[in-house]
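Okay, so here's the structure we're looking at.
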């Protein structure tokens, strides 16, 4: 479970306008049906996560209950109700990486940052997720930080890699 | 006309290894030399040999450069392109003959036994240019279908070819299309399942990245066969390159009038949209996938009614996997007999596997059905690295099972794999060696299914959780022999009582490892020992007195002070204090620390 972090929602007027505009466009593009997942994806692109206030906007725009939005948002792994770190770390726990020891890499990241999967450090710098296969099994075990890909990672290298992103 | 063509792999594996920087550097350098009209640089889909990425190939020589770095670009341009001297040190070793001549790729061990049908264009054409696809007979099959064949003709050809669903279950494609065609209704849908969820499989993404038009063309053919005018491709949002190339491909197909209204002037209408999955393994199940396209929680529903009768938005729908579609245009062009001539009696054609884990040649391979596991692992894959012993191969991901070493000569097809307790699955093939613990692997898959169970039915939601807890007891050394029997009983209960494929197959990894590696389970339970030395709680680190030089390095690095001993005397680990972190073993320069 994601660690609850008390970050006040500070969405701007501008973001809200963007979201409403995007939702209006989606309605036309999708012919009015099957909008929910695409709406949440767009909203997460704009805000980085899906706080209650944002879910409420979507519920209002799509004419459904907040509960329904929440139900979909919590079903899929892609959606986060809490903010992610500035640097999003993903350790691949796909089978190919796992048999080559990515489980130990994952544990090492947890220990080093003192967080668990799905959580974010208190300074909002790093968040960690276990990812499924990202498709570069030739580099197993694989770790990603935002768009950077690190291949053939050993637990010993973890601290050095993370250090590059601290301050 | 260009005198040279440089093909750079733009698949995910090579891209992760910076191949796009290499591409940019090549383009920049070619421009600087003013060779734009002589040398053509292009990015392609996956070559398959991901272990050696980033990969590039230079024609006409056919020089296959592997593990290329950005720094190598200048040398390749200076030597190869300008002076005509091949950079031998970068060549893939297998392609260099005894007297230094270059062998064709198709003669190397990795490619020799492969037969590329679904992957035919991957690593050959630029997936972002529809012209290149068309130059390789692209959209000819669609033209043939629309102008020369009736919908029933199309279904007959597909049925006769023996093509079965490549998503895993192997349902005959022609029969599926026939059901949808026979369903009454004006509005029907064609869907493509590109929600590749098996952790460790990347066949579908490679096809989408390397040859997106093949899927689009096949979907249009399917639409004509069943009488549909709208399709959806449901693709994982985690596949940004695939999504981007699909988007480009759909746009180009529309511009060329190959999607949209009145295609080829025949009055046939068909258009296609992409829907992004949001990360849920259960959405690979057909009814769950359709519920997800509709925008809801991706929970499956009972069948019947089958999607062919009542599917997406309540209309008749067919859903096929990416690889299934990738075969369709070829079958139409070359005929059902050509396709049926490959493979075994009940499994025709080829199958793509994503080869990974403890194997030399990690990558993507396509082999005729009926090829043995031995050929794939040793001849194509090059065996396990570091001289380790092959233990088992896992197919079918979280729904499949293990194939132990003594069954390595089994010819691979749908029915043989089922008979030995595994399944074809979508094509993930993970190789494990003697250092992998089979109980740990079963636990790994169960952890995955616990996480991914949608929670709708009790047998799966609670059953997988309880099964996982029992596996934890085994790896912790607290299970009893009775627990093993209980586990087996629970496995069958979950299989029989779950609503969808996820729950029905979730116990397979446990059942198959229990069947073939029961001795390993028993070692954990009875002897409190993990034979592969993986399960931490059962590990004991020991120092071999004969090898220990008393250098004190281990004692100084032990985080809990569990190692004692004086200088130049053999050291000892206190098992009570040891937290099994393994630092001592890493640090020891004499190999004196062992796992017991």
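Chains as they are written, first to last, in the working numbering: chain A, 103 to 269; chain B, 735 to 1330.
Ideal Cβ positions, reconstructed from N, Cα and C, are used throughout, including at glycine.
Computed from a prediction, not measured in an experiment: that's the story for all the values here.
Report the rounded CA-to-CA distance for residue i versus residue j, giving the unit in angstroms.
i                       : j                       : result
residue 104 of chain A  : residue 179 of chain A  : Here the model assigns residue 104 of chain A a pLDDT of 47, short of 50, so the residue's position is not dependable, and the following value carries that caveat. Cα-Cα distance, rounded: 12 Å.
residue 1225 of chain B : residue 1060 of chain B : 35 Å
residue 1308 of chain B : residue 1289 of chain B : 11 Å
residue 855 of chain B  : residue 1193 of chain B : 43 Å
residue 749 of chain B  : residue 190 of chain A  : 19 Å
residue 936 of chain B  : residue 1276 of chain B : 40 Å
residue 1321 of chain B : residue 241 of chain A  : 25 Å
residue 125 of chain A  : residue 163 of chain A  : 7 Å
residue 1084 of chain B : residue 1100 of chain B : 6 Å
residue 757 of chain B  : residue 740 of chain B  : 9 Å
residue 1315 of chain B : residue 1175 of chain B : 20 Å
residue 1151 of chain B : residue 1158 of chain B : 6 Å
residue 1325 of chain B : residue 1319 of chain B : 7 Å
residue 167 of chain A  : residue 161 of chain A  : 6 Å
residue 269 of chain A  : residue 215 of chain A  : 14 Å
residue 1211 of chain B : residue 182 of chain A  : 36 Å
residue 736 of chain B  : residue 815 of chain B  : 12 Å
residue 1028 of chain B : residue 1048 of chain B : 10 Å
residue 890 of chain B  : residue 873 of chain B  : 20 Å
residue 780 of chain B  : residue 1262 of chain B : 45 Å
residue 1300 of chain B : residue 1207 of chain B : 38 Å
residue 994 of chain B  : residue 871 of chain B  : 20 Å
Just the chain B side, please: which residues come within less than 9 Å of residue i by C-beta, in chain order?
i                      : result
residue 181 of chain A : 1012, 1013
residue 135 of chain A : 1028, 1029, 1047
Along chain A, in chain order, which residues have C-beta atoms closer than 8 Å to that of residue i?
i                       : result
residue 1170 of chain B : 201
residue 1092 of chain B : 201, 202
residue 972 of chain B  : 180, 233, 234, 236
residue 1137 of chain B : Going along chain A, no residue has its Cβ under 8 Å from residue 1137 of chain B, so there is no contact; the nearest lies around 14 Å.
Quickly, what does DSSP pair residue i with across the bridge? List them, please.
i                       : result
residue 194 of chain A  : A:233
residue 1332 of chain B : Since the displayed chain B opens at 735 and closes at 1330, residue 1332 of chain B lies outside it and no answer follows.
residue 1137 of chain B : B:1127
residue 1015 of chain B : DSSP output for residue 1015 of chain B lists no bridge partner at all.
residue 926 of chain B  : B:967, B:1054
residue 898 of chain B  : B:906
residue 715 of chain B  : Outside the shown range of chain B, which is 735 to 1330, sits residue 715 of chain B, and nothing can be said about it.
residue 799 of chain B  : B:790, B:825
residue 774 of chain B  : B:739
residue 228 of chain A  : A:189
residue 1276 of chain B : B:1328
residue 252 of chain A  : A:245
residue 1163 of chain B : B:1089, B:1129
residue 1010 of chain B : B:969
Counting along the chain, where does the alpha helix (DSSP H) carrying residue i start and finish?
i                       : result
residue 161 of chain A  : 154–164
residue 1102 of chain B : Run containing residue 1102 of chain B: none in the alpha helix (DSSP H); it sits in the beta strand (DSSP E), 1097–1102.
residue 1127 of chain B : First-last for residue 1127 of chain B: 1124–1129, but that is the beta strand (DSSP E), not the alpha helix (DSSP H).
residue 1318 of chain B : 1317–1321
residue 1242 of chain B : 1242–1250
residue 846 of chain B  : 843–846
residue 1201 of chain B : 1192–1210
residue 876 of chain B  : 874–882
Interface residues of chain B around residue i at Cβ under 7 Å?
i                      : result
residue 240 of chain A : 747, 784, 785, 787, 1096, 1097
residue 160 of chain A : By Cβ distance, chain B contributes nothing, its closest Cβ being about 11 Å from residue 160 of chain A, past 7 Å.
Which whole-angstrom value describes the C-beta separation of residue i and residue j, a residue pair presumed to lie in contact below a C-beta threshold of 8 Å?
i                       : j                       : result
residue 1236 of chain B : residue 1186 of chain B : 7 Å
residue 976 of chain B  : residue 1062 of chain B : Not confirmed; about 19 Å, so no contact.
residue 894 of chain B  : residue 1070 of chain B : 4 Å
residue 824 of chain B  : residue 802 of chain B  : 6 Å
residue 1088 of chain B : residue 1111 of chain B : That belief does not hold up - the Cβ atoms of residue 1088 of chain B and residue 1111 of chain B are roughly 14 Å apart, past 8 Å.
residue 933 of chain B  : residue 195 of chain A  : 7 Å
residue 113 of chain A  : residue 156 of chain A  : 7 Å
residue 192 of chain A  : residue 245 of chain A  : 7 Å
residue 1177 of chain B : residue 1148 of chain B : The Cβ separation is near 27 Å, so there is no contact.
Can you pull the chain A neighbours of residue i, defined as C-beta to C-beta under 7 Å?
i                      : result
residue 904 of chain B : Result: empty, since nearest Cβ-Cβ is about 21 Å, beyond 7 Å.
residue 939 of chain B : 237
What does residue i touch in chain A if you count any residue whose Cβ is under 9 Å from its own?
i                       : result
residue 1178 of chain B : 195, 197, 200, 201, 205
Start and end of the beta strand (DSSP E) containing residue i?
i                       : result
residue 142 of chain A  : No beta strand (DSSP E) holds residue 142 of chain A; the alpha helix (DSSP H) holding it covers 138–149.
residue 1090 of chain B : 1084–1091
residue 738 of chain B  : 738–743
residue 171 of chain A  : Premise fails: residue 171 of chain A lies in the alpha helix (DSSP H), 168–177, not in any beta strand (DSSP E).
residue 995 of chain B  : 994–997
Hey, would you say the C-beta of residue i is under 6 Å away from at least one heavy atom of the ligand ADP?
i                      : result
residue 791 of chain B : Summarising the ligand content, the structure contains no ligands, and the ligand ADP is consequently not present.
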